[in-house]
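**Student:**
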Amino acid sequence: MAKAPPMDHDDPVQNKSLSVPLFVSTLVLMLTLVWALYDELYAMRPWKATQQQFVELYQSYLQQLRPKQAAIEQEIKSSVEYQELNQKVESAEVDAAAMTVDIEKRINRGVNPRMVAVRSAFQALRGEIGEPTYKLETATSAGKKASLESDIASIKARVVSVEVVSDDGSGNTETLQMDFAQLEAEFERLRNLRAELQAERVSLLGPAQQLRAKRSDYLKERMNGLTAQQVDGLIGKMDDFVVDIRQIHLRDIDWVDRCESCHLGAREPVALTAASMGGHEVFSGHPSRDLLKIHDPEQFGCSSCHNGNGRATSSMVKGHGRHKYWLWPLYHKENVTAGCQQCHSKEVVTPMAETLNEGRELFLNRGCWGCHRFEGFDIESDELTEVRREISILAAETTSNIKESEQSIIMGDEADEDDVAQNLYDRAEELTLRNSRIDAQIATLKQKERNLGVEVKKFGPSLREMRVKLRKEWVPVWLSNPHDFRPGSKMPVFRLLDEEVKSISAYLWQNAIDGDLRSHPLGNAARGKELFETRGCLGCHSIGEGEDRMGGTFAANLTRIGEKTNYNYLVRWIHDPSELTPDPDAPEDEVRLRPIMPNLRLSVAETRDIATYLMLQKTDTEYAEADYMDDPATAAKGLASLRHYGCAGCHEIAGLETEGRIGTELTLEGSKPLDRLDFALFTHNAKRGGWYNHKGFFERKLEDPAFFDEGKVKNHLEKLRMPNFNLSEGQVTALTTFLLGAVDTQFPKHYRYEPEDDRSFVQEGWWIIKRYNCNGCHQIRPGDETSFMAIDRYKDPDWVEQLPPQLYTEGARVQPDWLLEFLSNPALSSKNIHRNGVRGYLQARMPTFYFSDRQVGKVMRFFMARSSQPLPYLPEESQPLSNKERLMSRRLFSGRAAPCLKCHMTGDPLRDRNASAPNFLIASKRLKPEWTYRWMIEPANIAPGTAMPSELFRYEDHRWIFNGPLPAAFQDYEEDHAQLMVRYMFQFTAGELRSLLASGVPGG
Amino acid sequence: MDWYQLWEIISLPDNVPIVLLMIMLPFYTWYGLRQAFANDRLIAQLEADPEMAKTHHRKTQPFKKGWPREVHVWPYLLRIEFLATVIVTAILMVWSITLDAPLEEPANPSLTMNPSKAPWYFLGLQEMLVYFDPWIAGVVMPTLIIVGLIAIPYIDENPLGNGYYTYSQRKCAIWTFIFGFIVLWCVMVVIGTLIRGPGWMWFWPGQTWDHNKLVFEVNRDLHEFVGLTGTWAIAAFGTAVLGAFVAVSAWGTHKLLTLTEFNRKILDRMSLTQYLLLQLLMITMISLPAKMIARLVFRVKYVLVTPWFNI
Amino acid sequence: MPEEKDTGDSKRGLLGMFDTKVVQQKANEDLEALKKPTKTELYKSVFRVKHDDSPRSRTLGVLSNVFLHLHPAKINRDAVAYNYTWGMGGISFYLFVVLTWTGVLLMFYYHPTKVQAFRDILYLEHDVPFGKLLRNMHRWTAHAMILTVWLHMFRVFLTGSYKKPRQFNWAVGVILLVLTLLLSFTGYLLPDDQLGFWAVTVGTNMARATPILGHEGPFGPQFGMTPFNDVRFALLGGSIVDANALLRAYIWHCVAIPGFAATFMIVHFWRIRKDGGISGPSPMMLESEIKNPRR
Amino acid sequence: MLLHKPVYFMLTALLMLTLACGGGDETASTEGQAVETESYFEVDSETAATVTGTVILEGNAPRNPRINMSAEPDCHGLHTGAVRAEVVLVGEGGTLGNTFVWVKSGLEGKKFRTPSDSVALDQKGCIYSPHVLGLQTRQKLAVSNSDPTTHNVHPLPKINREWNKSQTADAPAIERSFSRQEIMMPVKCNIHPWMRSYINVVEHPFFAVTGADGSFELKGLPPGTYTIEAVHERFKSQEISVTIGASESKKIDFSYKAG
């Protein structure tokens, strides 16, 4: 039904006005345009406001800084030396000014105007010649050419007159009448003259310039921080600050980082902190300038190490890449060193990346690699497999070569023609020769295989020894919760069922080798305790729990060792850890792995004392009978459990020799897509709780490996198998950092740190250092804390010298060949082995490690490379001492002022009671003269805290002379005293020592 | 109830059009039908009163003698068009400023997205994949949809309702179109967007999209219900069932086409080709809900199983 | 130039340049002329017809304009009512224009290569002035266009506008609808992100199942179809969504489909005119008036 | 044009004024800062208080270990009879010497002037004298050698920087200072391992070393509450908390148990 038409006769279609909606919508459109403009200029460019804020804060900070720096500068400038320099500069400047004023005048008033005049005349003529020359070049007829040539000649011959000033700067004018050639010559002459004059001026100004440089160097060397002028410069820079994107562009990989659009303080010459910038952390400077020196941001960018989205500038979330779709979110502060791993993936120790190093060390020394493959860890097994594969390929090649060679001979014998036969015989011969080359290759590989056989080690102890080693009842107790028995043990806690504990114990017990141990009488426990605490056991092992704990964390805590083992085994083990119980059933070619524990070369008596002491380390815990361990039926079930839990990843177990790793490979875990990390029932929690990322997963998993089982209904064998390591919060962070950094890097090879020169020796060496815990006793990097240093006894002033030597500059100190010898036999003697070869005075003993030749070489190269020592080392023959020199040095050496033999060993047991330094007799074989020289001059620079005193020599007249009363013979000696002592030391003989001792040197 | 999940889906910038669709479609359906009913009331009046029919201008819009039947495009149409562009531009500006176009991680063929979804406007087709094999859902159905749409003017022999909204004069056509467009297409798009979660599983609004959710579903081929074996027997059985379905739905469609006097009159105007084409399209269209019911309620996987293709 | 008025002071015309009064006079004339811009030659040269309210002017205004001449001079008085047209067709066309413009601008910054595509999007987002706005607008306009095209179809169906004589134009419309969807779909892959990649992977995987032409479709294997020669391979230029697929999508999206769409649009609009302008609102027809069909 | 002249003039004047002022300010501030030194806490002598006391050792004093100097004839000759280490120095009535008494807490945040005189440590007869000494941070320590033999002076700090310097018989005194507070820092001579002395570096002047009579006096303390600590190389350190008012004088006693 139609509505009644409107009463008025006006047509609504034609009369309705759209002005209002048009106006309103146009207005809205305009507003959206304004909005878009605002959005573009400000809302999406938050860094603009940030930059303005930075300028304000930085300027006010600089204003505060300026007077402080000015005061420091003033202090330096008012020093006598500076004033002297200043005066010199000023007088030199005055001199130079006086001398150069004439030259200036000559150049400016004479040579330059004259040159201008001559050149304009010369150029006019040259232009005139140019035209006919062009025509000449393009002319075709000979006649035309000839006429043009004559034209040119006539122009060249024309003499022009030029009004010029004289070149002596006097301002006199003269008129030159010259043709083209003369003008050219005059112009040349003037040019040379000007160059000469300028050179002369520079040379006259030189001394003043040098002095000025010296003066500014003086200031620079002594100035802590910026000078007031430099601060002013910065303030000025802020005045001219242009609000704009600051970006780093790495052209070769088209990488763009705009982090510094907000983080403006990152590279400012003043080290800014959040506090100095009004609490704005965004403006603080990069905390490690040293790092930036090696990794110049202009070359490496920012997000390459830190992650985040370097391009994004629209918001902090976008820039830091902490959102769902950015695969490389900014590392959190505690994990910041994760960024190092992507390029430093070949290393176990990266300088300045301590958290990462801790993570790698945990991965190594908590045995993570037993279950999880990670490239670089347990590289020996991988290499062994590879070597064996290569050998078999080569062997196959040999066989086929032989076959082919034989075949060729037969074919040659039957060939129709001689040269065909000859070719075939040649071929046969070539193949035989090739085989001999292959044989050599195989021999080398076999050598490597033997080496690797020594190097390959499982993480945990061999369980085939357990029957002779362990107390039977103890085994199930340990298995059910190792951390109950020994808190912090490296053996993690598996979530085993009772029957699993029983069947595993039974299997292991019944499959271990049964053997007899030599029985030993008990020793002296008190002496044992002393030996245990001083011989070096505590470098790796610890004893005592909680507050009383002392010693290292590398090996087991021995607090309750007496409860688990037996005395005779302990004696055998301590005396020679490589001694294994013979297995009568073993196949002939069976390889049994050697332990990490080195041989301390203790005498049997000492060993008994220590074992006796250790056997007393126990509580009175009762152990339940474990008869089931002898039940074959129980044992039969154990094998499956052992396999399920991957026990063979860390232990040698009979019947599981070929078992592989059960865990997932972690080499690239950090770049594994998030979807592939199983957050299980926590997926939504994680997404909404903000921890749906790698960090969140790793942290929770490491903290509690069963975490992601929570809420899941699974049967026992389906549950997560990873055992609990009871890691501390710091350890979780360190391992998380390591895993976060374990990524498939986006960077091309030349960004990665994979050196092929000496630096690769350092990388290689650290693996051994860390694997064998050299760090437990020795400080290798400045700031290292060894296990010894934490022991109370060694904090006593009397015991400081008993600390094992620092190895900061070991490579520079010792000769490589000697080091090889020492590492293979630290006693430096085949007979007298119960001693230290170098530092006989040390209670702690440098043990003999079960190194392969390869490893010994690696350790040696490590030290050499760390000290930038070239290999091979070619010792420099030291200049023989003249008789006079020998006499002089002997005087000095044994004089009262330099009582060297007071501390250095002499081989005389009575004298050596208080010794705290090595014998001079081994110096020439052991030390490098260059190092020895530096050592004598300032030992504290090489080994801080050493017993060797500083300032034995003073620098005078371009040489080092002894800093004390000099024997009379030195009166007219012009050479370097320290150098003389070095030569004396390197020509020191047993006879010399005897005669010195006989003559009654001080301290005798 | 997990409303956050729903919000997560709806607030995805790419799903905003779906939300718009869910608002605009009902609105315009109502808007169009409202006029249709208004027109229908006028039609009823005119049908009842032939005198009035002769003089009436036959529109619901007001009209008076003396008003021009046509107006100038300039300015009466152009000003509206101009207004529309201004408004649309303003809307686009606001939309573009406030909502950022999605950009996810760089493409990575080794990392499957779960759920991996086609653009929202194709989700109807993707949803169909649940019920049919890809060759039907992805190729045959879309082709038939296009063909069917093009064929509409050539099948529809109803001369009424040309150029004005009406329901009563085109009941059949409107019902069919609403069924096809809104129920089968738009609703399937909405289901594909809002309901289908990881693993293309059914999550009611308010249910958490749980990647770990497992649904035990045994979908059986129809012949397994009967227990047939043998390729030919199965194929024959399937063909028979399919034939039965075709027959039933053809009968149903025919019933519909002959339901009222008016319908019969229209049917009478149709050629055989038109009729057969209409039947084909109708049967195909009905087959989708039929299969949906068979699948969702009776867990039937295939009806017809042959060595080369399955339906 | 406005005609010089023959007043006493300016008799000398510009020759009196150096006379202050003359210059003043001339300046006043120019200012006067500005008050009636439609009288200037400049204006007249651009707008050839008068724009007053006369029907003739109104008609000519539309017909003599290159952009407006697809419109008729006059239309059904009720067709300007929004409740009939919903405005969706016009809006769709406007959106297409917007898409073309933003698309052209985006093309300045985009390289369809695997290495650069994603980076270019980041570049657009973070570097290009108004780049983000540009991309957002292109994306949202595309989505909006699909909606408006659907609704346009819905409206056309509800008003029965496809009926005689507009049957063919409906068919053109259906083709335009398909082209719109394809345009949007091909654009989806271009950012080369996970979203686009998987959407396109899912989409093109259906093509595998094309009967006879797909290697997983009915009778496909029997006709020798493999992943390397079937219809999907033709679509992607490869067996997986990769660099070639990106390039193909780019060319379809930027050149081919817009070209087709534009052509069909021209046909669509032309046919609207030729088929008698907009369909309604037309006077209603009664059941009793149905004529017998021509047989 | 005439109108503009005054404006220009004023602008120029203003500009020059600004420059002049700015320049003036700058120099003034620089000089002011340069002259200004760090502010030290000055004790008001009117209200200064004193803490005195004695350190007692109850029971029988343990015997000090004997030193065998036979390895160094030059020193051996300087002594008659057995030489013993000066570990436990007991006076009449069981008073304990060589105890370092100092204000451990209560003076935080106050900065004290560094005395210009130096503290002496002598090496005589291969014995350090005094055995225990105290000095302020940055105060000079002068180590002299009165022996006819060479010594090396080797303090073993935990916090401060370590050094080790040899000193020949008639060498001039070694002058060094320590910049961090550190109590009971051992000093040894590597050549004569029995030699031992303890240096105490304190940030303020309120410390004392007891003589054989066991008495000590901490003078010139500002009124307040303090923790006084007595430290002995052999015995466990003891703390006493004391509150003193203006010009007050208090007596506190420390008492150790032998054995």
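Chains as they are written, first to last, in the numbering used here: chain R, -8 to 995; chain C, 92 to 402; chain H, -8 to 286; chain D, 24 to 282.
Ideal Cβ placement from N, Cα and C applies to all residues, glycine included.
Bear in mind the structure is a predicted one, so any value in this text is a computation, not a measurement.
CB of residue 36 (chain R) to nearest heavy atom of the ligand ADP: below 7 Å?
**Tutor:** This structure lacks the ligand ADP; in fact it carries no ligand of any kind.
**Student:** Does residue 184 (chain H) come out as helix, strand or coil in the three-state DSSP assignment?
**Tutor:** DSSP places residue 184 (chain H) in strand when its eight states are reduced to three.
**Student:** Per the DSSP calculation, residue 261 (chain D) is bridged to which residue(s)?
**Tutor:** Per DSSP, D:253.
**Student:** Are residue 56 (chain R) and residue 271 (chain R) closer than 8 Å when you measure CB to CB?
**Tutor:** No, these two residues do not count as a Cβ contact at 8 Å.
**Student:** At what residues does the alpha helix (DSSP H) containing residue 168 (chain D) begin and finish?
**Tutor:** Segment 163 to 168 is the beta strand (DSSP E) holding residue 168 (chain D); no alpha helix (DSSP H) there.
**Student:** Going along the region 767 to 794 of chain R in order, which residues come within less than 9 Å of chain D, judged by CB to CB distance?
**Tutor:** Result list: 786, 787, 788, 789, 791 and 792.
**Student:** Could you list which residues in chain C have their beta carbon closer than 7 Å to that of residue 132 (chain H), in chain order?
**Tutor:** Ordered by position in chain C, the residues that pass the 7 Å Cβ test against residue 132 (chain H) are 183.
**Student:** Taking the CB atoms as reference points, tell me whether residue 333 (chain R) and residue 738 (chain R) lie closer together than 8 Å.
**Tutor:** Contact: yes.
**Student:** By the DSSP assignment, the alpha helix (DSSP H) with residue 1014 (chain R) in it spans what residues?
**Tutor:** Residue coverage of chain R in this structure runs from -8 to 995, which leaves residue 1014 (chain R) outside it and unanswerable.
**Student:** Give a yes or no on whether the C-beta atoms belonging to residue 230 (chain C) and residue 200 (chain H) are separated by under 8 Å.
**Tutor:** Yes, the pair counts as a contact, with Cβ atoms nearer than the cut-off.
**Student:** Residue 274 (chain C): which of C:160, C:377 and C:151 sits nearest, CA to CA?
**Tutor:** With distances taken between Cα atoms, residue 274 (chain C) lies closest to C:377.
**Student:** Excluding the 5 residues flanking residue 123 (chain H) on each side, which residues of the same chain have their C-beta closer than 6 Å to its C-beta?
**Tutor:** Same-chain partners within the cutoff: 116.
**Student:** Does DSSP put residue 212 (chain R) in a helix, a strand or coil?
**Tutor:** If DSSP states are grouped into helix, strand and coil, residue 212 (chain R) belongs with the helices.
**Student:** According to DSSP, what are the bridge partners of residue 182 (chain D)?
**Tutor:** Beta-bridge pairing links residue 182 (chain D) to no other residue.
**Student:** Rounded to a whole number of angstroms, what is the C-alpha to C-alpha distance between residue 213 (chain R) and residue 199 (chain D)?
**Tutor:** Looking at the two C-alpha atoms, the distance is approximately 20 Å.
**Student:** Please name the residue or residues paired with residue 1002 (chain R) in a DSSP beta bridge.
**Tutor:** Nothing about residue 1002 (chain R) can be reported from this structure: the residues present for chain R run from -8 to 995 only.
**Student:** Can the beta-carbon of residue 304 (chain R) be found less than 8 Å from the beta-carbon of residue 236 (chain R)?
**Tutor:** Contact flag set, yes.
**Student:** With 7 Å as the limit, tell me which residues of the region 118 to 130 of chain H have their beta carbon closer than that to any beta carbon of chain R; keep them in chain order.
**Tutor:** Going along the region 118 to 130 of chain H in chain order, one finds 120, 121, 123 and 124 with a Cβ nearer than 7 Å to chain R.
**Student:** How about residue 117 (chain C): is its C-beta nearer than 8 Å to some C-beta of chain H?
**Tutor:** False, the Cβ-Cβ gap to chain H never drops below 8 Å.
**Student:** Hey, residue 258 (chain H) and residue 163 (chain H) are a contact pair by Cβ (cut 8 Å); roughly how many whole angstroms apart?
**Tutor:** Yes, residue 258 (chain H) and residue 163 (chain H) are in contact; Cβ-Cβ is about 5 Å, under 8 Å.
**Student:** Does the distance from the CB of residue 956 (chain R) to the CB of residue 172 (chain D) come in under 8 Å?
**Tutor:** The answer is no: Cβ separation not under 8 Å.
**Student:** Taking 8 Å as the limit between beta carbons, can you name the residues of its chain near residue 2 (chain R), skipping five residues before and five after?
**Tutor:** Same-chain partners within the cutoff: there are none.
**Student:** Closer than 8 Å, CB to CB, is residue 276 (chain H) near chain R or not?
**Tutor:** No, because no Cβ of chain R sits closer than 8 Å to the Cβ of residue 276 (chain H).
**Student:** Would you decide whether residue 646 (chain R) is buried or exposed? Buried here means 16 or more other CB atoms lie within 10 Å of its CB.
**Tutor:** Counting Cβ neighbours within 10 Å, residue 646 (chain R) comes out exposed, since fewer than 16 surround it.
**Student:** Kindly provide the ranges of any alpha helix (DSSP H) runs that are 4 or more residues long and lie completely inside the region 78 to 146 of chain D, ordered along the chain.
**Tutor:** As far as the region 78 to 146 of chain D is concerned, its whole alpha helix (DSSP H) runs of at least 4 residues are 96 to 99.
**Student:** Report yes if the CB atom of residue 678 (chain R) is closer than 8 Å to the CB atom of residue 755 (chain R), and no otherwise.
**Tutor:** No, they are not a contact pair.
**Student:** Taking the CB atoms as reference points, tell me whether residue 362 (chain R) and residue 654 (chain R) lie closer together than 8 Å.
**Tutor:** A contact, by the Cβ cut-off of 8 Å.
**Student:** Pull up the distance between the alpha-carbon of residue 279 (chain D) and that of residue 80 (chain D), whole angstroms please.
**Tutor:** Distance between the alpha carbons of residue 279 (chain D) and residue 80 (chain D) is about 5 Å.
**Student:** If you compare alpha carbons, which of H:166, H:13, H:76 and H:234 is closest to residue 183 (chain H)?
**Tutor:** Ranking H:166, H:13, H:76 and H:234 by Cα distance to residue 183 (chain H) puts H:234 first.
**Student:** Could you name the residues of the same chain whose beta carbon sits closer than 6 Å to that of residue 857 (chain R), not counting the 5 residues immediately before and after it, in chain order?
**Tutor:** Correct list, in chain order: 753 and 802.
**Student:** Are residue 888 (chain R) and residue 907 (chain R) closer than 8 Å when you measure CB to CB?
**Tutor:** No, Cβ-Cβ distance for residue 888 (chain R) and residue 907 (chain R) is not below 8 Å.
**Student:** If you measure from the beta carbon of residue 29 (chain H) to each beta carbon in chain C, is any gap under 8 Å?
**Tutor:** By this cut-off, residue 29 (chain H) is not an interface position.
**Student:** Should the region 592 to 609 of chain R be regarded as contacting the region 511 to 524 of chain R, the criterion being three or more beta carbon pairs within less than 8 Å?
**Tutor:** Touching, yes, given that three or more Cβ pairs across the two stretches are closer than 8 Å.
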